Amino acid sequence: MNDNRFNPLALVLGFLRPLDPLLLLLLAVLLGYAHVLMQSASPERLDSQITHIGIALAGMWLLAWLKPQRLLSMAVPLYLLGVVLLLAVELFGEISKGAQRWLDLGVARIQPSELMKIAMPLMLAWFFQMREGQTRLVDFILAGVLLLVPVGLILIQPDLGTSLLVAASGIYVIYFAGLSWKLLIPIVVAGVIGLGSIVAFGDTLCQPDVDWQVLREYQKQRVCTLLDPTRDPLGRGFHIIQSTIAIGSGGLTGKGWMDGTQTHLAFLPERHTDFIFAVLAEEFGLVGAVLLLVIYVLLLLRGFHIAANAPTHASRLLGGAITMIFFTYAFVNMGMVSGILPVVGVPLPFISYGGTALVTLCLGIGILMSIQRSRFAEKT
Numbered sequence: 000m001n002d003n004r005f006n007p008l009a010l011v012l013g014f015l016r017p018l019d020p021l022l023l024l025l026l027a028v029l030l031g032y033a034h035v036l037m038q039s040a041s042p043e044r045l046d047s048q049i050t051h052i053g054i055a056l057a058g059m060w061l062l063a064w065l066k067p068q069r070l071l072s073m074a075v076p077l078y079l080l081g082v083v084l085l086l087a088v089e090l091f092g093e094i095s096k097g098a099q100r101w102l103d104l105g106v107a108r109i110q111p112s113e114l115m116k117i118a119m120p121l122m123l124a125w126f127f128q129m130r131e132g133q134t135r136l137v138d139f140i141l142a143g144v145l146l147l148v149p150v151g152l153i154l155i156q157p158d159l160g161t162s163l164l165v166a167a168s169g170i171y172v173i174y175f176a177g178l179s180w181k182l183l184i185p186i187v188v189a190g191v192i193g194l195g196s197i198v199a200f201g202d203t204l205c206q207p208d209v210d211w212q213v214l215r216e217y218q219k220q221r222v223c224t225l226l227d228p229t230r231d232p233l234g235r236g237f238h239i240i241q242s243t244i245a246i247g248s249g250g251l252t253g254k255g256w257m258d259g260t261q262t263h264l265a266f267l268p269e270r271h272t273d274f275i276f277a278v279l280a281e282e283f284g285l286v287g288a289v290l291l292l293v294i295y296v297l298l299l300l301r302g303f304h305i306a307a308n309a310p311t312h313a314s315r316l317l318g319g320a321i322t323m324i325f326f327t328y329a330f331v332n333m334g335m336v337s338g339i340l341p342v343v344g345v346p347l348p349f350i351s352y353g354g355t356a357l358v359t360l361c362l363g364i365g366i367l368m369s370i371q372r373s374r375f376a377e378k379t
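This is the structure:
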């Protein structure tokens with residue numbers, strides 16, 4: 000006789016089956032961190048952030064159910080859709096705060112550049128899967144072209160932060176696919192020389208009448224502000240100065256939750272988004288910041304473990320690139336908040352307020368879970 004009684008435990012286990020327990024635990028800790036910080040930084044936004052979390056987790060769960068090969072089969076359509084939408088932004092996009100990044104579809108207002116953060120590594124992982132075992136230099140050149148098209152379209156919006164993230168996601172795939180590190184030496188040398196020249200001759204290069212050619216004026220000002228925030232302490236340098244004051248005033252254990260003066264006296268701008276790490280450092284000190292870093296390191300280690308043990312070449316490329324994207328978000332955000340990198344508008348992963356970045360990052364977690372699930376499916 001069949002037992003058709005409702006079993007809630009079986010239902011819950013079935014719902015959780017595609018989710019990797021360790022990734023889920025680390026994500027829960029990060030979202031808990033975010034909730035605590037948001038209560039201090041911007042409590043009026045808690046309800047909307049909870050909605051963002053719900054949407055992000057739903058997207059993560061859906062991707063975790065899909066097989067990696069199914070995800071890769073969507074790579075070309077997603078990439079082409081992303082490029083078409085970026086072209087549409089250039090032609091018909093809405094201008095907001097001096098940038099043309101949004102596209103009004105009538106029923107919704109979207110930022111197509113966010114799609115490329117997932118579509119780009121998917122596309123290049125699919126591309127190199129088609130050439131597995133016979134990759135030539137021309138293939139790396141073609142991959143570079145595939146990467147430069149959307150990055151260039153995002154740069155002219157202009158959106159330096161998103162273009163860097165999309166570029167990084169593609170570069171990671173290309174490197175993991177077997178690009179010789181020797182080919183990177185000229186780029187690294189040129190970068191070091193360029194940065195050294197800016198530092199050494201900053202006073203001259205930052206004069207108003209000096210045109211940097213390759214950078215827009217606002218991008219030049221961001222670099223110059225990084226070199227010396229006191230040039231304009233109440234204007235362009237205000238963010239960095241107030242952020243470093245907040246971080247330094249936290250000391251070892253912080254001033255206490257909701258007792259941060261920079262935060263609650265409104266000296267710290269964008270405290271709920273790009274500069275939320277400064278809120279953490281001020282209220283929880285070095286201890287709180289190090290604990291967050293430990294969680295990020297554990298997330299990266301788990302991601303690399305999943306990528307290294309993935310059953311296919313494309314899955315390994317995709318898993319490694321997604322994991323490095325998490326690193327890039329965290330490194331760039333903490334660097335700009337600490338005053339060692341220019342302010343480029345990159346949120347702290349899983350912590351900063353905002354739906355778009357959170358959904359994108361959770362979709363990345365879902366892809367890693369999909370890869371991990373496929374590994375066990377291959378064994379069985």
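If you count by numbering that gives the first Met the number 0, then the sequence shown holds residues 0 to 379, one letter each, in order. Yeah, the Cβ is synthetic: ideal placement off N, Cα and C, and Gly gets one too. Given the structure is predicted, the values throughout are model-derived calculations rather than measurements.
Here His271 really is in contact with Ser41; their C-beta atoms are around 4 Å apart, less than 8 Å.
By the beta-carbon neighbour count (other beta carbons within 10 angstroms, threshold 16), Ala320 is buried. The closest CA to that of Leu141, considering only Phe127, Leu225, Glu131 and Leu152, is found on Phe127.
Less than 8 Å divides the Cβ of Tyr352 from the Cβ of Arg44. DSSP places Arg100 in the strand class (E or B) of the three-state scheme.
Around the beta-carbon of Ala277, 16 or more other beta-carbon atoms lie within 10 Å, marking it buried. Linking Leu61 to Leu123 through their CA atoms gives a straight-line distance of about 22 Å.
Excluding sequence positions up to five before and after Phe326, its CB lies within less than 7 Å of the CB of Leu299, all in the same chain and listed in chain order.
In chain order, Arg301 place their CB closer than 6 Å to the CB of Leu21, counting only its own chain and leaving out the 5 sequence neighbours on each side. Straight across, the Cα-Cα distance linking Asp210 with Tyr171 is about 32 Å.
Beta-bridge annotation (DSSP): Glu93 is paired with Trp101.
CA-to-CA, the gap between Leu90 and Ile364 works out to about 33 Å. Beta-bridge pairing by DSSP links Ile109 to Leu102. One Cα belongs to Asp158, the other to Arg100, and the distance between them is close to 8 Å.
Pairwise C-beta distances place the segment 67-75 in contact with the segment 306-323, as three or more of them are shorter than 8 Å.
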